[in-house]
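Shown next, in structure tokens, is the structure this report addresses.
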Amino acid sequence: MSGLKTHLSPLFELQWTGQLSDYVTDLAWSNSDYLAASSGSGEVFLWNLKTEEPRLVLSPQETSIDCLEFSHDGQFLAAAGQEGKVKIWTIKPHIELINSWGKQGQWIDHLAWHPTKNQLAFSLGRYVQVVDVVAEEIIATLPFETSSVLGMSWHPSGENLAVAGNGGVKIWNANQWNDDPIVVEMAAACTAIAWSKDGDYLAASCLDNTVLVWRWQDEIPWRMTGFGGKIRHVTWSNIKSEIAPLLAVSCLEEIVVWKKEKNDEDGWLSWGLIGHEDMITDIGFQPNSLLLASVGENGELLLWQKAKQLGQRSQETLEEFSRLEWHPSGENLAIGGQKGGLFILKKSYRGRGFG
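Position one of the sequence shown corresponds to residue 1180 (the numbering used here), numbered consecutively onward.
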């Protein structure tokens, strides 16, 4: 496997590479030192940032693992996929598979840990199930009657869970699961949702190539249009740019960044980031920064300073990229490939790039 070739400023350099047997489907960092990666052949892989020790905790199987995430305290790792079971490992004091939830044969492609509790929400067809991992009990089963669940996101406070699907978004009160949810209707299926880190805004992408943004508790959203195709990703910066976080949206080979104007009547100002030559497969803001990373199917990593100016372009000639994930510190960036490659990048302090 060749190294990443860097052009422009060397903001990050290659630290470590590894290999899974199939397409990297998801990546997740714990709040400390572990990176988890999953593959289309059903692997779950752990890598320790301090020791650089790799460990395969789930060997290849007949079904894929499609989503995985660490709990807020880094104590648990959950992974799920085609089999229909959520597998849960403890990480400390040692790595051990402790439990599984779900329904055999019901594909699970969305899961999300509560921001402050060891509670896990995951999709089960037209339902979302919420479980308490420590107490080993089901807390709630939430119906989404109009379609399969297409996305979910906890409010940063943990007080609400938003679930997306055909016809819009349902938002449940986590303190009163039996109460009727708030229903936000949309003309088309909602494919992705994301709360801003401050909890003030909720963004939702739709199959009619629009993005709607609500200020939490407001009824009327801002409507973002002009996208040339299917919207694949929506992500917020976790710091503000003046009065609100930035919202980045990827569509085909382009990223559109939106910035809130001071007056609500003026809505949101937008600009495009043009640089990718093939489909963008993932985007993400560096924690506590406005640096935006994006990867594409042609194996390019682009880093956009202040989500405006291209600061670094790096390419792996043998691998198309599928996923990226920032470490919570912002000092490391993990990238997964469509041929199973894993790339760990670290912030460059020595004025050199990937080699």
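Think of the CB as a built atom: it goes at the ideal place given N, C-alpha and C, for glycine as much as any other residue.
Could you check the C-alpha separation between residue i and residue j for me, to the nearest Å?
i, j, result
"Gln1254", "Glu1444", "45 Å"
"Gly1221", "Ser1238", "7 Å"
"Thr1414", "Thr1404", "16 Å"
"Glu1232", "Trp1195", "10 Å"
"Gly1446", "Val1342", "25 Å"
"Val1312", "Gly1344", "26 Å"
"Gln1283", "Glu1510", "39 Å"
"Met1365", "Val1309", "25 Å"
"Val1203", "Leu1480", "16 Å"
"Asp1359", "Glu1499", "44 Å"
"Asp1397", "Ile1361", "12 Å"
"Trp1226", "Ile1399", "44 Å"
"Gln1465", "Lys1526", "11 Å"
"Lys1438", "Leu1426", "7 Å"
"Val1392", "Leu1386", "15 Å"
"Pro1189", "Lys1349", "43 Å"
"Gly1263", "Ser1508", "33 Å"
"Thr1242", "Glu1440", "47 Å"
"Thr1230", "Phe1406", "44 Å"
"Ile1277", "Gln1240", "19 Å"
"Tyr1528", "Ala1472", "18 Å"
"Ile1267", "Gln1298", "12 Å"
"Gly1463", "Ser1211", "19 Å"
"Thr1269", "Leu1381", "31 Å"
"Val1436", "Ala1207", "24 Å"
"Gly1454", "His1273", "44 Å"
"Ile1410", "Val1236", "34 Å"
For residue i, which of the options has the nearest alpha-carbon?
i, options, result
"Lys1271", "Asp1311, Gly1446, Ser1279 and Tyr1213", "Tyr1213"
"Glu1476", "Trp1286, Ile1514 and Ala1382", "Ile1514"
"Asn1442", "Val1435, Thr1460 and Glu1421", "Glu1421"
"Trp1395", "Lys1419, Ala1343 and Val1363", "Val1363"
"Phe1249", "Glu1510, Gly1408, Lys1296 and Glu1433", "Lys1296"
"Trp1401", "Ser1449, Met1331, Gly1408 and Arg1411", "Ser1449"
"Gly1168", "Gly1260, Ala1382 and Ala1383", "No answer is possible for residue 1168: the residues shown for the chain start at 1180 and end at 1534."
"Asp1379", "Asn1339, Lys1526, Asn1357 and Asp1358", "Asn1339"
"Ala1383", "Glu1398, Gly1347 and Leu1276", "Gly1347"
"Phe1224", "Thr1242, Trp1286, Asp1205 and Glu1316", "Asp1205"
"Ala1258", "Glu1241, Thr1230, Leu1290 and Ile1274", "Leu1290"
"Glu1316", "Ser1527, Ala1300 and Gly1463", "Ala1300"
"Gly1516", "Glu1192, Leu1190, Gly1219 and Ser1211", "Gly1219"
"Ser1336", "His1251, Cys1385, Pro1322 and Lys1419", "His1251"
"Glu1324", "His1334, His1412, Trp1292 and Ala1368", "Ala1368"
"Gly1408", "Asn1388, Glu1398 and Val1392", "Asn1388"
"Arg1234", "Glu1275, Ser1211, Gly1263 and Val1265", "Glu1275"
"Trp1356", "Leu1381, Thr1230, Val1307 and Glu1241", "Val1307"
"Gly1478", "Asn1467, Glu1456 and Ser1468", "Glu1456"
"Ser1468", "His1273, Ser1416 and Leu1381", "Ser1416"
"His1293", "Leu1381, Ala1353 and Gln1240", "Ala1353"
"Gln1285", "Val1265, Asn1278 and Ile1277", "Val1265"
Would the beta-carbon of residue i fall within 9 Å of that of residue j?
i, j, result
"Lys1485", "Leu1503", "no"
"Pro1424", "Lys1487", "no"
"His1506", "Leu1228", "yes"
"Val1428", "Val1390", "yes"
"Ser1370", "Leu1329", "The sequence shown places Thr at residue 1370, rather than the Ser named in the question. Yes, the Cβ-Cβ distance between Thr1370 and Leu1329 is below 9 Å."
"Asp1461", "Ser1493", "no"
"Ser1217", "Ile1244", "yes"
"Ile1318", "Ser1302", "no"
"Asp1482", "Gln1491", "The question names Asp, but residue 1482 is Leu in the sequence shown. Taking 9 Å as the Cβ cut-off, Leu1482 and Gln1491 qualify as a contacting pair."
"Ser1332", "Ile1372", "yes"
Less than 8 Å between the CB atoms is what I'm expecting for residue i and residue j, so what's the real figure, rounded?
i, j, result
"Leu1588", "Phe1191", "Residue 1588 is absent from the model: the chain starts at 1180 and stops at 1534."
"Ile1434", "Ile1459", "7 Å"
"His1412", "Trp1374", "So it is not a contact: roughly 15 Å between Cβ atoms."
"Trp1280", "Leu1321", "Not a contact, Cβ separation roughly 15 Å."
"Leu1193", "Leu1524", "6 Å"
"Ala1314", "Leu1256", "Not a contact, Cβ separation roughly 18 Å."
query = Counting Cβ pairs closer than 8 Å, one from the region 1516-1528 and one from the region 1186-1206, do we hit at least three?
reply = Yes, since at least three Cβ pairs between the region 1516-1528 and the region 1186-1206 fall closer than 8 Å, the two stretches touch.
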